[in-house]
Ligand SMILES: Cc1ncc(COP(=O)(O)O)c(C=O)c1O
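Numbering (the numbering used here), first residue to last: 32 to 429.
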């Protein structure tokens, strides 16, 4: 096994010293060693990929679809994506020039952030937030500016946005909006989207609109930021959550052609193009009536699970904003449990073998909360809730 020449250890990009491995993964690894642990830590749908989507991938392989595709993705999947965005959210994107197929939404995030940032640029991050945005901003030479939304039911208000803009001015290059939200499940209604768009329209801030959970809204249809602010929005989406296709690694990026042409450079230099068979599967998922029906069936299961977990945890004394989308519960630890969220999550995992992620992993405003993913079978969730109930009741007896 080779060991690195010692001098090389200090020759890396120094911005890597600013970042840590994912706190979610670190906690997940830590609790994985506990025998019989039941983990609701990762945002991973438990469903299998629907058969007709798998067959589209198989057909691509047997048809010898094995050569480099266009860098921005096959036209078939871009056309399916354009149709999907038009049909579901009333958005108009040209498949040839305004859409890039990425390796999961993750590559879209990396592509957008690194394409936009110059050293010292600031990125507004309403928190709690999907933590990946923090290291990607730092490695891209930018500075994350957190806006803690916990006092406003985890919704960024126009006033909070105006205050951040006033405080950080021209240095702000971009804002990340993610709704339905990971980790809170909160989403924004039409009036809220419109009100934020009005504030942002007065600025040159690019909106990185992460709508990866847009198909999983329970009470009302999703409203895209791109509907009200298309000229300065880069939309991120994909099939990971809507079709339980996390391992296929197919995401979408859409925006005005001039911006997409720039983003296409980093995308091309980083990944060349996604995998053909995965793109064929995504075209089937996004472009067919059967693909639409798959998501509806999964969504109704998620909704029943959400209701069960929400009711159980609320009855135990957790304060839970009722999730309107995605598949997470973000719950405030009951006041009679005085440990911080990391100690609480660790103690619960060690004593009663059920694992949630400490809320502080999601940035300011997440302290004192835990996040769990209900993208797990009802039987698993029932067992998890019974272990949680035993832990809480035992804690109250002490
Ligand atoms: C808000 C958010 N954005 C992006 C991603 C990454 O999605 P993908 O698996 O398509 O890269 C996730 C995954 O958990 C997420 O929660």
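Yeah, the Cβ is synthetic: ideal placement off N, Cα and C, and Gly gets one too.
> Who does residue 284 pair with in a DSSP beta bridge?
Replying inline: Along the chain shown, one-based indexing puts residue 284 at 253. Its beta-bridge partners are 131 and 267.
> Pick from 256, 196, 353 and 404: whose alpha carbon is nearest that of residue 69?
Replying inline: Reading the chain shown from its first residue, position 38 is the one you call residue 69. Comparing Cα-Cα distances from residue 69 to each of 256, 196, 353 and 404, the minimum goes to 404.
> Is the CB-CB distance between residue 267 and residue 143 below 9 Å?
Replying inline: The residue labelled residue 267 in the question sits at position 236 within the chain shown. The residue labelled residue 143 in the question sits at position 112 within the chain shown. It is a contact, given that the beta carbons lie within the stated cut-off.
> Using 8 Å as the Cβ pair cut-off and three pairs as the minimum, do the region 277 to 291 and the region 114 to 133 touch?
Replying inline: yes
> Relative to ligand 2, what is the chain-ordered list of residues with a Cβ closer than 6 Å to any of its non-hydrogen atoms?
Replying inline: Ligand 2 is not part of the structure shown, which contains ligand 1 as its ligands.
>> Could you tell me the alpha carbon to alpha carbon distance between residue 238 and residue 380, rounded to whole angstroms?
In response: For the purposes of this step, residue 238 is taken as the residue at position 207 of the chain shown. For the purposes of this step, residue 380 is taken as the residue at position 349 of the chain shown. Each residue's alpha carbon lies about 38 Å from the other.
>> Just verifying my parser: in three-state terms, what is the DSSP assignment at residue 174?
In response: On the chain shown, residue 174 is found 143 positions in, with the first residue counted as 1. Three-state DSSP puts residue 174 in a strand.
>> Within the continuous beta strand (DSSP E) that includes residue 108, where are the two ends?
In response: Looking up residue 108 in the chain shown gives position 77. Residue 108 -> not in any beta strand (DSSP E); alpha helix (DSSP H) instead, spanning 106 to 120.
> Between which two residues does the alpha helix (DSSP H) harbouring residue 193 extend?
Replying inline: For the purposes of this step, residue 193 is taken as the residue at position 162 of the chain shown. From DSSP, the alpha helix (DSSP H) with residue 193 extends over 189 to 199.
>> Here's a check: name, in chain order, each residue in its chain whose Cβ is nearer than 8 Å to the Cβ of residue 75, leaving out the five neighbours to either side.
In response: Reading the chain shown from its first residue, position 44 is the one you call residue 75. 277, 404 and 406.
> Can the beta-carbon of residue 315 be found less than 9 Å from the beta-carbon of residue 100?
Replying inline: In the chain shown, the residue the question calls residue 315 occupies position 284. In the chain shown, the residue the question calls residue 100 occupies position 69. No, the Cβ-Cβ distance between residue 315 and residue 100 is not below 9 Å.
> Secondary structure at residue 339, three-state DSSP: helix, strand or coil?
Replying inline: By one-based count along the chain shown, residue 339 stands at place 308. Residue 339 falls in the helix class under three-state DSSP.
> Whose CA, out of 161, 246 and 353, lies closest to the CA of residue 395?
Replying inline: For the purposes of this step, residue 395 is taken as the residue at position 364 of the chain shown. Among 161, 246 and 353, the Cα nearest to that of residue 395 belongs to 161.
> Using 8 Å as the Cβ pair cut-off and three pairs as the minimum, do the region 159 to 173 and the region 311 to 327 touch?
Replying inline: no
>> Suppose you measure from the CA of residue 287 to the CA of residue 253; what does that come to, to the nearest Å?
In response: Position 256 of the chain shown, counting from 1, holds the residue named residue 287. Position 222 of the chain shown, counting from 1, holds the residue named residue 253. Going from the Cα of residue 287 to the Cα of residue 253 covers about 21 Å.
> Taking Cβ to Cβ, would you say residue 382 is nearer than 9 Å to residue 415?
Replying inline: Here residue 382 is taken as the residue at index 351 of the chain shown, counted from 1. Here residue 415 is taken as the residue at index 384 of the chain shown, counted from 1. No, the Cβ-Cβ distance between residue 382 and residue 415 is not below 9 Å.
>> Among 219, 299, 324 and 358, whose alpha-carbon lies nearest the alpha-carbon of residue 146?
In response: The residue labelled residue 146 in the question sits at position 115 within the chain shown. It is 299 whose Cα lies nearest to the Cα of residue 146.
> How would you write the range of the alpha helix (DSSP H) that residue 419 sits in, first residue to last?
Replying inline: For the purposes of this step, residue 419 is identified with residue 388 of the chain shown, where counting begins at 1. Here the alpha helix (DSSP H) through residue 419 covers 409 to 428.
> Using DSSP with H/G/I as helix, E/B as strand and the rest coil, what is residue 234?
Replying inline: What you label residue 234 is simply residue 203 of the chain shown in a count that begins at 1. The answer is coil: DSSP assigns residue 234 none of H, G, I, E or B.
>> Taking the beta carbon of residue 45 as the centre, do at least 16 other beta carbons fall within 10 Å, making it buried, or is it exposed?
In response: As a position in the chain shown, residue 45 is number 14, starting the count at 1. Looking at its Cβ environment, which holds fewer than 16 other Cβ atoms inside 10 Å, residue 45 is exposed.
>> According to DSSP, is residue 365 part of a helix, a strand, or is it coil?
In response: Walking along the chain shown from the start, residue 365 turns up at place 334. Coil.
> Could you give the uninterrupted runs of the beta strand (DSSP E) lying entirely in the region 201 to 228, keeping only those of 3 residues or more?
Replying inline: 203 to 209
>> For residue 373, report the span of its alpha helix (DSSP H) as first-last.
In response: Start at 1 with the first residue of the chain shown, and residue 373 comes out as number 342. Counting along the chain, the alpha helix (DSSP H) containing residue 373 begins and ends at 372 to 383.
> From what residue to what residue does the alpha helix (DSSP H) around residue 56 run?
Replying inline: In the chain shown, the residue the question calls residue 56 occupies position 25. Looking at the DSSP string, the run of the alpha helix (DSSP H) that includes residue 56 is 54 to 63.
> Of all the options 397, 323 and 340, which has the alpha carbon lying nearest to the alpha carbon of residue 118?
Replying inline: In the chain shown, residue 118 corresponds to position 87, counting from 1. The candidate whose alpha carbon is nearest that of residue 118 is 323.
>> If you reduce the DSSP assignment to three classes, tell me which class residue 239 lands in.
In response: Numbered from its first residue, the chain shown carries residue 239 at position 208. Correct three-state label for residue 239: strand.
> Ordered along the chain, which non-local residues of its own chain (more than five positions away) have a Cβ less than 7 Å from that of residue 196?
Replying inline: Translated into positions along the chain shown, residue 196 becomes position 165. Taken in chain order, the residues that qualify are 203 and 234.
> Pick from 422, 156 and 97: whose alpha carbon is nearest that of residue 375?
Replying inline: As a position in the chain shown, residue 375 is number 344, starting the count at 1. For residue 375, the nearest C-alpha among the options comes from 422.
> What's the gap between the Cα of residue 104 and the Cα of residue 354?
Replying inline: Here residue 104 corresponds to residue number 73 of the chain shown, with the count starting at 1. Here residue 354 corresponds to residue number 323 of the chain shown, with the count starting at 1. Taking the straight line from one Cα to the other gives about 34 Å.
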